[in-house]
Every structure is written in C-alpha cells, then in structure tokens.
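If you read the sequence shown in the numbering used here, its first letter stands for residue 7, the second for the next number, and so on.
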Amino acid sequence: MDAPAIYRDSLVWDDHCGFEMLPDAPLAPLLKPWREAGVDYLSINVGYDVKAWTRTIENIAALRRRLPTEAPFCRLVSTVSEIDQARADGKLAVTFDIEGMDALAGRTDMVQLYYDLGVRHMLFAYNRNNLAGSGCHDEDTGLTDFGRQVIVEMNRVGMVVDCSHSGFKTTMAAMEISADPVVFSHSNPKALVDHGRNITDEQIKACAATGGVIGINGVNLFLGEEVPSPSNVARHAAYIAELTGPEHVGLSLDFAPKEEDTEDDASGNQESSDVSGSIARNPHYWPPGTGYEKGVSYLDIRRLPDIATELATVGFRKSEIAGILGGNFRRIAEQVWK
Ligand SMILES: [Zn+2]
C-alpha cells in the first residue's frame, strides 16, 4: 500500500495542539510545524482552567487580529466547506478549542459567544473539578447541573462536546445527555497505558455509541513510552478500532513546538508557550505522582506522514487510514457545527 500517497490525498486533521497560547506569542514559528507536516486543519487550544478565563478572550482576540497578517499560511474558518476550500487553496484551516468550562465564567450564554468567535469544541474540566464537572485527576463527583445546562446549549449552538481531561462519571453522564455525537478530542486507551488521563473501554464504547470520535494523543505519558513513536500511535488507534470500528478513531497529537523554536525575545517573561513551566508552577492541576513532573515529550507533528505508514502496517485499509487522518473528525464537524 502506498501510504505516502494516501497521506497526500487525504484531508489531514489535528483536533488539538498542546502549546500554551499567549496573546503576544509569535504566531508564524508556533504554527509553521503544522504547515510543514502537510496538515489541512488544526484546532488551536485558546485557553484552559489553569489560567484566568479572560486569558481565553485575549488569546482569541490576538489570533483573530494577527493570524491573517503574521501567519498568512493559515486561514480562520467557521464551516466544513471553508475547510475544504482552504485545503484546495493550500492553506492550513484553523478553528479554536477550550480546555475547561471555567472559561464560561458561570454563564451558559458564553457558549454562543465563543462559537461566534471560532471555538468549535470545549471540554468540561481540566484535570481538576470545576463548576461544570469533575477533572480526571480529582475526586469523581460527576457532572453538575451547570454542566448539564452547558451541554444543552452546546447542542443548540453547534459546539462539539469534548470529554477529554474530565472525570469518568462526568463523561458518562455527558455522553448520555448530549443529543449530538461527543468526542474525546485527545485521549488514549487506559487498557494499554494505565494513566489517569487515559480512558476506559467503557468510555471508548460509550463515545462510539454517540457516533463520536476518539483522537489519539501523541504525548509520551499517555502512549506509555519515553520517546513517542508513530508505531505506538498506530497501536493505540488499532486498539480503539478493534473495540468500536475504525470510523471512531482520529488524531490529536497534542504537539507543542520546542521553546527555543518559538521564542522571539529575551524579555525574561516567565510565561512561555512551553507547558512544562506551567506544570512546575501548578502542581494542583498536574498532581505529583502522575508522571508530569518528570517532563512531557511530544511526537513531532512533522512525523504525521509516518503515522499513515504505521496505520497501514497494523492492517488498516486505505479508506480507514483516510478516515483516521481526518475524515472521521470531519464527519463530526459536518454533523454538529451550524
Ligand atoms: Zn489537553
């Protein structure tokens, strides 16, 4: 099978990146790796519960204002047909996602606002409990009434409900309630690697039952190897496909470029797009003993073509590889976005 040709001919979709967006971040060096990888669509993470929710607004403002001039190889899109058009024009289509409902400041009204600004999926709680539900590294108290109201509003607005980073009970309730397909944008199977961020077979099957997709994460801790490899991403994809069928598998490598590749000054600013500093300063969100303290490493997004090859090696057919590379997440967007 000609995996490089399949890669070239497929829509390539990365549903989540792992750098910490900052309003003054130099955008071109931050996003160039996705262009170099031949990715057609990227969801940029614009905020998470670790930072004040107003930072999410600042990040969206910065991206909307500066992306067209500073990273003209990208194009902000709002529909699936605009993604297809961007691909035809040789542009990297971009929308946003949010990790944690602290960003709503307690108001369901905010869902429509974020959608109008380009946010297409949002998860409940970033590792720790919040107003909407439980995080995966906290006491599993479940979905709150506010979390339930948000799901109803997300369904109305057309924003995809994302269960990554959230506690088991919260996710099972969310998948029960949502009228639309639900995703785990970037979560790996716990049966292969027993880490709190990974998800059980029961969660994987419940996600598929909604019609949803699970995106394979490229972070070393969740793949269970020191240096993340394309073959291991394919192994995790094959495990989920075995449980659910290949149409419920996608890719979300959670990649963050190395700090030295994105720094543009020596201002001494403590903030950077490298999450390792945030991990060290915020043990509440990344509890000691869960592996983060040893440092995380990412599978470089530029190795995405190698993943296509490895997917062929583990036995996926051409149409199945195209689905995993992007067709499956595209289907969710077509069903849910309005
Ligand atoms: Zn994440």
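Quick reminder that beta carbons are idealized off the backbone N, C-alpha and C, glycines included.
| Item | Value |
| --- | --- |
| Own chain partners of F228 with C-beta closer than 7 Å, once the 5 adjacent residues on each side are dropped | N194, V199, H201, R203 and N204 |
| Selected residue, minimal CA-CA separation from G301, among I307, R308 and A286 | A286 |
| Where the beta strand (DSSP E) containing G256 begins and where it ends | V255 to L257 |
| Inter-stretch contact (C-beta, 8 Å, three-pair minimum) for the segment 32-43 and the segment 103-122 | no |
| Distance cut-off 7 Å: D260 Cβ against heavy atoms of ligand 1 | yes |
| Classification of A94 by the beta-carbon crowding that lies within 10 angstroms, buried from 16 upward | exposed |
| Nearest-angstrom beta carbon gap, Y304 and D260 [assumed within contact, 8 Å] | 6 Å |
| Coarse secondary structure for W19, derived from DSSP in three states | strand |
| Nearest residue (CA-CA) to N288, options V117, M107 and R134 | R134 |
| Three-pair Cβ contact test at 8 Å for the segment 237-249 versus the segment 314-321 | yes |
| Residue range of the unbroken alpha helix (DSSP H) whose run includes Y121 | M116 to D122 |
| DSSP beta-bridge partners of H171 | Paired residue(s): none; H171 is not in a bridge. |
| Any non-hydrogen atom of ligand 2 closer than 7 Å to S170 Cβ | Of the ligands this structure carries, namely ligand 1, none is ligand 2. |
| Distance between beta carbons of S184 and G124, contact taken as under 8 Å | Not confirmed; about 21 Å, so no contact. |
| Own chain residues within Cβ distance below 7 Å of T147, not counting five before or after | N135 and S140 |
| Supposed close pair L137, A179 - CB separation, criterion 8 Å | The Cβ separation is near 15 Å, so there is no contact. |
| E26 CB to nearest heavy atom of ligand 1 below 7 Å | no |
| Proximity test, H192 beta-carbon vs ligand 1 heavy atom, cut-off 7 Å | yes |
| Proximity below 8 Å, CB of I104 to CB of Y121 | no |
| Inter-residue spacing [alpha-carbon to alpha-carbon] between K344 and K264 | 35 Å |
| Close-in-space but distant-in-sequence residues of the same chain around E88 (CB under 8 Å, 5 per side omitted) | R81 and A99 |
| Sub-8 Å separation of A43 and L310 beta-carbons | yes |
| heavy atom of ligand 1 below 7 Å from E105 C-beta | yes |
| Coarse secondary structure for T75, derived from DSSP in three states | helix |
| Beta-bridge pairing of C80 - partner residues as DSSP gives them | L98 |
| One or two residues paired with Y47 in a DSSP bridge | W19 and A99 |
| Same chain, Cβ closer than 8 Å to H290, neighbours up to 5 away in sequence not counted | R134 |
| Under 8 Å between C-beta atoms of G332 and D46 | yes |
| Length at least 4, wholly inside the segment 137-191: the alpha helix (DSSP H) runs in chain order | 151-163 and 174-183 |
| Selection from E76, A247 and A67 that minimises the alpha carbon distance to G221 | A247 |
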